[in-house]
Amino acid sequence: MRWLVGWSSTAAGPVAVGTAGATGTDGETVQPVGSQLLWGDPDPLWAVGDWRPDEVRVVQADPQTRIAVLGTCGATDEQLRVALFAARGGALRHLTAWPGSYTAVVQVGRRVTVCGDLAGARPVFHTPWAGGTAYATAALPLADLVEANLDFGHLAALLAAPDVPAALYDSTPYDGVKRVPPGHALILRAGAREIAGYEPVASLAVAAPPADPDSAVDAVRDALVEAVRTRLAAPRHVPGADIDPGPVPGMGP
Numbered sequence: 007m008r009w010l011v012g013w014s015s016t017a018a019g020p021v022a023v024g025t026a027g028a029t030g031t032d033g034e035t036v037q038p039v040g041s042q043l044l045w046g047d048p049d050p051l052w053a054v055g056d057w058r059p060d061e062v063r064v065v066q067a068d069p070q071t072r073i074a075v076l077g078t079c080g081a082t083d084e085q086l087r088v089a090l091f092a093a094r095g096g097a098l099r100h101l102t103a104w105p106g107s108y109t110a111v112v113q114v115g116r117r118v119t120v121c122g123d124l125a126g127a128r129p130v131f132h133t134p135w136a137g138g139t140a141y142a143t144a145a146l147p148l149a150d151l152v153e154a155n156l157d158f159g160h161l162a163a164l165l166a167a168p169d170v171p172a173a174l175y176d177s178t179p180y181d182g183v184k185r186v187p188p189g190h191a192l193i194l195r196a197g198a199r200e201i202a203g204y205e206p207v208a209s210l211a212v213a214a215p216p217a218d219p220d221s222a223v224d225a226v227r228d229a230l231v232e233a234v235r236t237r238l239a240a241p242r243h244v245p246g247a248d249i250d251p252g253p254v255p256g257m258g259p
């Protein structure tokens, strides 16, 4: 299992150079076990788990303006840098338009933006914590962080209407841990939380302009081909020969 985790808190005290995970003014720190620090306080971000080097990229314009992309992303470093400057003005949709499967996190000063994808295949979760908001791409670490109880309403809705995503909305199996809806981004400003949609919503009062079926099919095909090409272009990682394969049948434990 692997995920990214970070937080934004108004309770953070004065930030010392090189610190990460400070949760108050008394010097206490919280850091995920087995994590890789991507950037430090006052809004720290970590990658946790078995991320490969090519799956974790950080591009920055200055110490307080940077973008982290975790996963397989077809954008070059220069494209990430250009996108970072566009995101400074509040634009978000372009951060999810590159081929691949990834999560993008942008920091501009004390504003942190975590973009979910359109399909919800790479979800983002958040919960109130330490006078601000903690977020992650897995719900269980957040539930463990805040010692959340089970959300029985979520479990009941899941059993009663498993094929109706709207019944679950933004809930998770853990009380107080919420999920960012597909097509939305989590925006944090010094601990304050906002959920903003970045995909245009079609009006129910005005009919959408007709689309050419052939052009639509071509666009889907091109997007799939580019996504597969990005995946195949990623570095290959072959398990080392020194890995223990485990017990061999007929050869004892």
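For reference, each letter of the sequence shown is one residue, going 7 to 259 in this note's numbering.
A virtual CB, placed ideally from N, CA and C, is assigned to each residue, including glycine.
May I have the straight-line CA-CA distance separating residue i from residue j, to the nearest angstrom?
i	j	result
residue 23	residue 43	With a pLDDT of 48 at residue 23, under the threshold of 50, the modelled position of that residue is not reliable, and the figure given next carries that caveat. Each residue's Cα considered, the two are about 14 Å apart.
residue 144	residue 200	19 Å
residue 115	residue 218	43 Å
residue 38	residue 13	12 Å
residue 89	residue 96	11 Å
residue 60	residue 148	26 Å
residue 242	residue 214	44 Å
residue 135	residue 197	9 Å
residue 152	residue 230	39 Å
residue 69	residue 84	17 Å
residue 130	residue 212	32 Å
residue 86	residue 117	18 Å
residue 168	residue 73	36 Å
residue 150	residue 223	44 Å
residue 47	residue 40	18 Å
residue 220	residue 71	41 Å
residue 247	residue 82	Residue confidence for residue 247 is low, a pLDDT of 48 falling below 50, so the modelled location carries little weight and cannot support an answer.
residue 133	residue 162	21 Å
To which residues of the same chain is residue i closer than 6 Å at the C-beta, ignoring the five residues directly before and after it?
i	result
residue 105	80, 232, 233 and 236
residue 62	53 and 76
residue 107	77 and 78
residue 185	129, 131, 176 and 178
If you drop the 5 nearest sequence neighbours on each side, which residues of the same chain put their C-beta closer than 7 Å to that of residue i?
i	result
residue 126	188
residue 157	177, 178, 179, 180 and 181
residue 16	137, 138, 196 and 197
residue 255	Interpretation of residue 255 is limited by its pLDDT of 46, a score under 50 that renders its predicted location unreliable; no figure is taken from the coordinates.
Across which residues does DSSP place residue i in a beta bridge pair?
i	result
residue 198	195
residue 5	There is simply no residue 5 to check, as the chain begins at 7 and stops at 259 in what is shown.
residue 15	138
residue 180	156
residue 1	The shown model of the chain, from 7 to 259, leaves out residue 1, and the question about it has no answer.
residue 132	141 and 184
residue 190	203
residue 212	According to DSSP, residue 212 bridges with nothing at all.
residue 66	72
residue 10	53
My understanding is that residue i touches residue j, with C-beta atoms under 8 Å, so please give their C-beta distance in whole angstroms.
i	j	result
residue 109	residue 240	That pair is no contact at about 16 Å.
residue 174	residue 160	6 Å
residue 93	residue 120	Incorrect: roughly 12 Å between the Cβ atoms, too far for contact.
residue 142	residue 9	5 Å
For residue i, collect the residues of the same chain with a Cβ closer than 8 Å to its Cβ; drop the 5 residues on either side in sequence, then sort them by chain order.
i	result
residue 202	98, 190, 191 and 193
residue 166	173
residue 124	102, 188, 189 and 205
residue 7	55 and 144
residue 67	87, 90 and 91
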